[in-house]
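Student:
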Amino acid sequence: DYYCDWSSDVCSSDLSKLCPSCSTPLPPSLVPLCPACNSLLPPPPPSTSYFALFDLEPAFALDQAALKNAYRKYQQKVHPDLYASQGKKETWAKSWSGRVNDAFRILEGDRSRGKYLVSSSGLGSRVFRLESEDGKKES
């Protein structure tokens, strides 16, 4: 879960999670729009996993249809063209859209998803060190 100080867009687990437009409490799941007023919300912190962004379990085996469906739904809600000339909301939309695009590109491919899983688990550097000690090159 993420919590944001909407006045400064600084995210922290210590702050309440309210819509910056209507002050309605937000659901615990990651949402781009306020369910009460449909206003665009600030993007989640950069540490948010690509799997969490799409509400998927981190696993190599992935339901590609669910991923594509989640991607399309996000783009219908956060595409920057929908918020053109709206100041902060346009900036938020660009951030949301960029993260969604990056996450989709990584998660849609088996190889890139596997690399992402290894790197996000913290095992990436350990695997590299083990391969280096054996005299093998990392591919």
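Residue numbers (the working numbering): 2 to 140.
Heads up, the beta-carbon is just placed ideally off N, CA and C, and yes, glycines get one too.
Values in this document were obtained by computation on a predicted structure and should not be read as measured data.
1. What are the boundary residues of the alpha helix (DSSP H) that includes ASN102?
2. Considering just the uninterrupted stretch of the alpha helix (DSSP H) at PHE52, what are its terminal residues?
3. Within 10 Å of its beta-carbon, does SER40 have 16 or more other beta-carbons around it, so buried, or fewer, so exposed?
4. By DSSP, does LEU19 sit in helix, in strand, or in coil?
5. Nearest by alpha-carbon distance to PHE52: which of LEU108, GLY115, PRO81 and LYS116 is it?
6. ASP135 to ASP111, Cα distance in whole Å?
7. Between the alpha carbons of GLY115 and GLN76, how many angstroms are there, rounded?
8. Does the Cβ-Cβ distance between ARG100 and PRO44 come in under 8 Å?
Tutor: Taking the coordinates as given:
1. Residues 89-109.
2. 51-54
3. exposed
4. strand
5. Measuring from the Cα of PHE52, the nearest candidate turns out to be LEU108.
6. Only weak support exists for where ASP135 lies, its pLDDT of 47 falling under 50; the value from the coordinates is given anyway. Taking the straight line joining both Cα atoms gives about 26 Å.
7. 24 Å
8. yes
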